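Here is the structure we will look at, set down as structure tokens.
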Amino acid sequence: ILGGRTSRPGRWPWQCSLQSEPSGHICGCVLIARKWVLTVAHCFEGRENADVWKVVFGINNLDHPSTFTQTRLVKTIILHPRYSRAVVDYDISIVELSEEISETSYVRPVCLPHKGQLLEPDTYCSITGWGHMGNKMPFKLQEGEVRIISLEQCQSYFDMKTITTRMICAGYESGTVDSCMGDSGGPLVCEQPQGQWTLFGLTSWGSICFSKVLGPGVYSNVSYFIEWIERQIYIHTFLLN
Amino acid sequence: CLYNSCLDSCGGSSFCDPNTSLNNCSQCEPITLELCMNLPYNYTQYPNYLGHRTQNEASISWESSLFPALVQTNCYKYLMFFACTILVPKCDVNTSQRIPPCRVLCEHSKERCESVLGIVGLQWPEDTDCNQFPEESSDNETCLMPGEDVEECSPSHFKCRSGRCVLASRRCDGQADCDDDSDEENCGCKERDLWECPSSKQCLTHSVICDGFPDCPDDMDEKNCSFCQDDELECVNHQCVSRDQWCDGQADCLDSSDEWNCVTLSKNVNSSSFLTVHRSAVEHQVCVDGWQETLSQLACKQMGLGEPSVTESVQEQEQYLQWLVLHSNWESLNGTTLHELLVKGQSCPSRSKISLLCSKLDCGRRPAARMNKR
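Protein chains in written order, with the numbering used here: chain E, 1 to 241; chain D, 1001 to 1374.
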């Protein structure tokens, strides 16, 4: 996260770290139910086998797991069938854990939006992750506040890519606060009037965050995929035989 | 592999298995970078001249956005060709040697286009020092020069009638980008060999029509995809299955869509509402005889909701025929869904149906982030 700040334990209890040896942390991810996590499909490029992954919850400093930390293995990886590596569209995947997590104050699921629920431009939301900070990779979870940008305005920043309805743009023209490499798969969450936090985006791509080119970050639009997410969870929970 | 090791594309090394043949160790790899898929060669070798170790890294690099945008300015006829010779350098499959661009090609590109970048405050990519490339030689083997047939635009561009290149994302975007406006001509879907959504006029590639994922606002691209018999129903993947197999507890559609959304609560989920099962795609009420709380939990969980907070039985007033009752030995069926534990066509002695209220799963709260008084 560029231009953010160090978070404190328990502030983002749905944030998880998707890890694979020997690298350790590879991507962010988001807890949406006791056995289910969302992340982006591009995190699994070259590592499609569930056996090489583990998911760590309730952690703030990657180097110092705490008593609140829970680790699970991965049972199933479900990539969106239309995920396109070339244009990074439909960049979403669902991960089934080997067993349920225990819900605590430090490990809790985030809410999902309704199908097609839209975010108004200029809404402020939060991004979190252990990705690049522009000058270093952090150990402690970083958080930043970003502003939702309309798709039309976003398209003007990215000549070479087509911004689709499967994407949400957030950040600033100057790129001051932005997600970066290593944040992929992490949450873009917005606080709802009733005080509940809802997951609207998954960090997906953007300009080279610590290069001269600035501009917003691009997130997978979770409310576009709600029906697909619920269906996959239903199929893998109830239609086993 | 003569010395029992392979150089993989990242320049690391790994031990070959014994039957690896020489050509498996070739460092040439097919070009997959969309930007450079129309070159007069098909194999490349990494790392490239910009330090990228893989094509994936090259595809998200700053240069892979910079050059196609720069090509639009028409600053140099062979700029795109030069860009591809450094993004995906040619690899001679016979010798596994990387073939660089000739120095003069690099110098011409830089001379004519660097100043254009300067206008917008950008610099020519640092790693492209032309002196690293060899002088052009007569045999044309040691370095690359563009042939007469080389394409000036990349596959990521649209070629204007005037010959200029504009980014494909600007084709039919409502703004004229070509100097002759040709990028805004023939924009009908059919003229571009695309499929048109009847209501929104949105253009879709034929590959997404009838693929089970709606793309038109009114889902018209997923309509009229198959023609089932009267006693059949259409799966999401447009396969036809017998109506009797719908919500019978066995997935008969290849995508299992005949077993989706089989258990619902009648509309208003916030007050008690009737448990409904869509057996054979017909709404059935559930008879309360023999009902147990564990079945209420399964029903709520199957609908993606929390624990059941209210389970009631409600007398059915009129003469009702569409009952579903519990299978006589449902407990030994170890079914994973509620609807496979129910059978139809029998009477309901109590003539009472299930009314159910499920709580919502708790989410989105962060108790540990509580404000602590100081």
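Each residue gets a CB set at the ideal place from its N, CA and C atoms; glycine is no exception.
Just so it is clear, the structure is predicted and the values come from calculations on it, not from any experiment.
- For C111/E, the C-beta contacts it makes with chain D under 8 Å involve C1363, G1364, in order along the chain.
- In summary, the residues of the region 1142 to 1158 of chain D whose CB is separated from some CB of chain E by less than 9 Å are S1156, in the order they occur in the chain.
- Taking the Cα of S1266/D as reference, the smallest distance to any Cα among E1283/D, D1252/D, A1251/D is reached at E1283/D.
- Here K1201/D carries a coil assignment [DSSP, helix/strand/coil].
- Contact note: A1369/D reaches chain E through G10, R11, using a C-beta cutoff of 7 Å and chain order.
- D1092/D is bridged by DSSP to Q1097/D.
- Assignment of alpha helix (DSSP H) within the region 108 to 165 of chain E, counting only whole runs of 4 or more residues, yields 151 to 155 in chain order.
- Annotation: W1323/D is outside any alpha helix (DSSP H); the continuous beta strand (DSSP E) that includes it extends over 1323 to 1326.
- Looking only at Q1132/D, S1065/D, Q1027/D, N1131/D, the smallest Cα-Cα distance to E1034/D is reached by S1065/D.
- In this structure, the beta-carbon distance from L1326/D to L1341/D falls below 9 Å.
- When secondary structure is reduced to three states using DSSP, Q19/E falls in the strand class.
- Note that the region 1331 to 1348 of chain D does not touch the region 90 to 97 of chain E; fewer than 3 beta-carbon pairs, one per stretch, sit closer than 8 Å.
- Within the region 1283 to 1316 of chain D, the residues whose Cβ lies closer than 7 Å to any Cβ of chain E are, in chain order, Q1302, G1304.
- By alpha-carbon distance to A1251/D, the top candidate from E1107/D, L1356/D, F1067/D, T1337/D is T1337/D.
- Counting along the chain, A1299/D sits inside no beta strand (DSSP E); it lies in the alpha helix (DSSP H) bounded by residues 1293 to 1302.
- Secondary structure note for G201/E: its beta strand (DSSP E) is the uninterrupted segment 197 to 206.
- Excluding its 5 nearest sequence neighbours in each direction, D1231/D has C-beta neighbours in its own chain below 7 Å: S1242, R1243, listed in chain order.
- In the three-state reduction of the DSSP assignment, L1254/D falls in the coil class, being assigned neither a helical nor a strand state.
- Contact between P1100/D and P1134/D holds, with the beta-carbon distance rounding to 6 Å and staying under 8 Å.
- When the Cα atoms are used, Q1297/D and A1281/D turn out to be separated by approximately 23 Å.
- With 16 or more other Cβ atoms from the protein chains shown falling within 10 Å of its own Cβ, F1067/D counts as buried.
- Taking the C-beta atoms as reference points, R147/E is found nearer than 9 Å to D122/E.
- If you check the CB distance, D183/E and G46/E do not come in under 9 Å.
- Rounded to the nearest angstrom, the Cβ distance from C16/E to G134/E is 23 Å, too far for a contact under 8 Å.
- In the structure shown, the three-state DSSP call for H1284/D is strand.
- DSSP places G1249/D outside both helix and strand once states are collapsed to three, so it counts as coil.
- Counting only Cβ-Cβ distances below 8 Å, R231/E has contacts in chain D at W1260, in chain order.
- Note on geometry: alpha-carbon atoms of S220/E and C1113/D lie some 35 Å from one another.
- For I127/E, the closest C-alpha among the options I235/E, S204/E, S223/E, W228/E is that of S204/E.
- When 8 Å is used as the limit between beta carbons, S1169/D is near these residues of chain E: Q155, D159, M160, K161, T162, in chain order.
- Contact between D159/E and L1167/D holds, with the beta-carbon distance rounding to 5 Å and staying under 8 Å.
- DSSP, read as helix, strand or coil, puts I26/E in strand.
- Looking at the DSSP output, A86/E sits in no beta bridge, so it has no partner there.
- Only buried fits F238/E, as 16 or more other CB atoms lie within 10 angstroms of its CB.
- With 16 or more other Cβ atoms from the protein chains shown falling within 10 Å of its own Cβ, N1048/D counts as buried.
- A Cβ of chain D is located within less than 9 Å of the beta carbon of A33/E.
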